[in-house]
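The structure appears right after this line, and notes come after that.
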Amino acid sequence: MKVVSIVLWCVVGLWMAPALAQPVPGNMNVQWDAGSTDCQAHPQRRLQVHRYNQSTYILRESLCQTYEGPFIYLLIGSSRALLIDTGDVADATQMPLASTVLGLLPVVNGQRLPLLIVHTHGHLDHRSGDTQFAAAPNVTILGTDLAHVIDGFGFRQWPEDIAHIDLGGRTVDVIPTPGHYPSHVSFYDGNSGLAFTGDFFLPGRLIIDDTAADRASAVRINDFLRDRPVTYVLGGHIELNKRGQVEPQGSNWHPDEAPLPLGKDDLAQLPQVLAGFNGFYSQSGRFVMYSQARMLQVISAAGILLLIVIALSLRWWFKRRRHAHAGHP
Ligand SMILES: [Zn+2]
Ligand SMILES: [Zn+2]
1 MKVVSIVLWC VVGLWMAPAL AQPVPGNMNV QWDAGSTDCQ AHPQRRLQVH RYNQSTYILR
61 ESLCQTYEGP FIYLLIGSSR ALLIDTGDVA DATQMPLAST VLGLLPVVNG QRLPLLIVHT
121 HGHLDHRSGD TQFAAAPNVT ILGTDLAHVI DGFGFRQWPE DIAHIDLGGR TVDVIPTPGH
181 YPSHVSFYDG NSGLAFTGDF FLPGRLIIDD TAADRASAVR INDFLRDRPV TYVLGGHIEL
241 NKRGQVEPQG SNWHPDEAPL PLGKDDLAQL PQVLAGFNGF YSQSGRFVMY SQARMLQVIS
301 AAGILLLIVI ALSLRWWFKR RRHAHAGHP
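1 is the number of the first residue of the sequence shown in the UniProt record's numbering; add one for each residue after it.
Right under this line is the structure:
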């Protein structure tokens, strides 16, 4: 009888195992506010909060508060919570980030769950809200420069290895994805199956400052996710419309935004797409890639060339005038 029950439990266990490995489902049915061409006349919610599931939130700063409209992610474990990025707005009266996030944290035995704040990378539109949390108790903020990222996450061989954050019953993996920014990281939450890719991979402009590092990152993250379930790949912004065109830079109004989530298949295309990047500006389907630094170099070189042409033309014109005057006293 005992043997039979052990065998039965093994069978049940084997049958249950794949089910347990499946990500906790969530709701991605959300309409993000479109912003406005006249934000004074049409005020918007400053911070939109979407509850993906009972322990995962997606927050977005209003396009009226910042044209960047960055996304911020809150993952709650049993012993602490993780906030990925803090957006573009420092002033709490303009953007109630800290009060909103702290209000979402569960209270256990009269104590709010501790919060760890991390960032996909150090650009200001992903970390300006840090200051709002500075005085809050039980909040730890990890720095964004490479030394802090390596030390804080515990990387032993940046950028080859993977680090892990234990939230209590929920482990988040940290994958180095430099290229857009030297210390850029992406996150994978096995609990929800969500991957958070910041500005490394998003429905928008892929700004690449180190092409070789970016290509290696694309291979690295795909290698890591290959055998893991991925429900959605979530970036830091939406900059494409539903027709796959890039929204005008700096616009507070996105009337027809593409969905935020990308898929594992989209990410799997990235190494191939990046192979075709010419180092300056390339477009492959809906992927627009460019190097801001190289573009600036080209623009400055073109500006200098234009000034030289103008100076030479003026010199030639003055010379002609002088000759004309000399010929006709
Ligand atoms: Zn960035
Ligand atoms: Zn950004």
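Where is the CB? At the ideal position from N, CA and C, for every residue including glycine. Owing to the predicted nature of the structure, the values given are computational and were not obtained by experimental measurement.
Residue i classed as buried or exposed, judged by whether at least 16 other C-beta atoms fall within 10 angstroms
i      : result
Val309 : exposed
Asn278 : exposed
Met289 : buried
Val3   : With a pLDDT of 45 at Val3, under the threshold of 50, the modelled position of this residue cannot be trusted; read the value that follows with caution. Per the 10 Å Cβ criterion, exposed.
Val273 : buried
Leu314 : exposed
Ser78  : exposed
Thr120 : buried
Ile206 : Correcting the residue type first, residue 206 is Leu in the shown sequence and not Ile. Under this definition Leu206 is a buried residue.
Thr66  : buried
Gln132 : buried
Ile238 : buried
Phe318 : exposed
Ala216 : buried
Asn29  : exposed
Ala324 : exposed
Ile299 : exposed
Pro203 : buried
Arg321 : exposed
Asp145 : exposed
Pro248 : exposed
Met95  : buried
Ala81  : buried
Span of the beta strand (DSSP E) around residue i
i      : result
Ala163 : 163 to 166
Pro176 : 171 to 176
His50  : 47 to 53
Leu59  : 56 to 61
Where the alpha helix (DSSP H) containing residue i begins and where it ends
i      : result
Gly103 : 97 to 104
Ala275 : 264 to 275
Val185 : Segment 185 to 189 is the beta strand (DSSP E) holding Val185; no alpha helix (DSSP H) there.
Phe153 : 146 to 153
Bridge partner(s) assigned by DSSP for residue i
i      : result
Ser284 : Phe287
Ala82  : The sequence given here has Leu at residue 82, not Ala. Leu75, Leu116, per the DSSP bridge assignment.
Val309 : Looking at the DSSP assignment, Val309 forms no beta bridge with any residue, so it has no partner.
Thr140 : Leu116
Leu240 : Val246
Gly35  : Trp253
Simplified DSSP state of residue i, which is helix, strand or coil
i      : result
Gln132 : helix
Thr211 : helix
Ala195 : strand
Gly235 : strand
Arg205 : strand
Ala324 : helix
Gln111 : strand
His126 : helix
Gln297 : helix
Phe200 : coil
Arg315 : helix
Asn222 : helix
Gly303 : helix
Gln292 : helix
Val12  : For Val12, the predicted structure reports a pLDDT of 43, less than 50, and the residue's modelled location is therefore unreliable. A value from the coordinates is still provided. In this structure, Val12 counts as helix in the three-state DSSP scheme.
Ala92  : coil
Ala258 : coil
Ala41  : coil
Ile6   : Confidence is the limiting factor: at Ile6 the pLDDT is only 44, short of 50, which leaves the residue's position unreliable, though a coordinate-based value still follows. It is helical.
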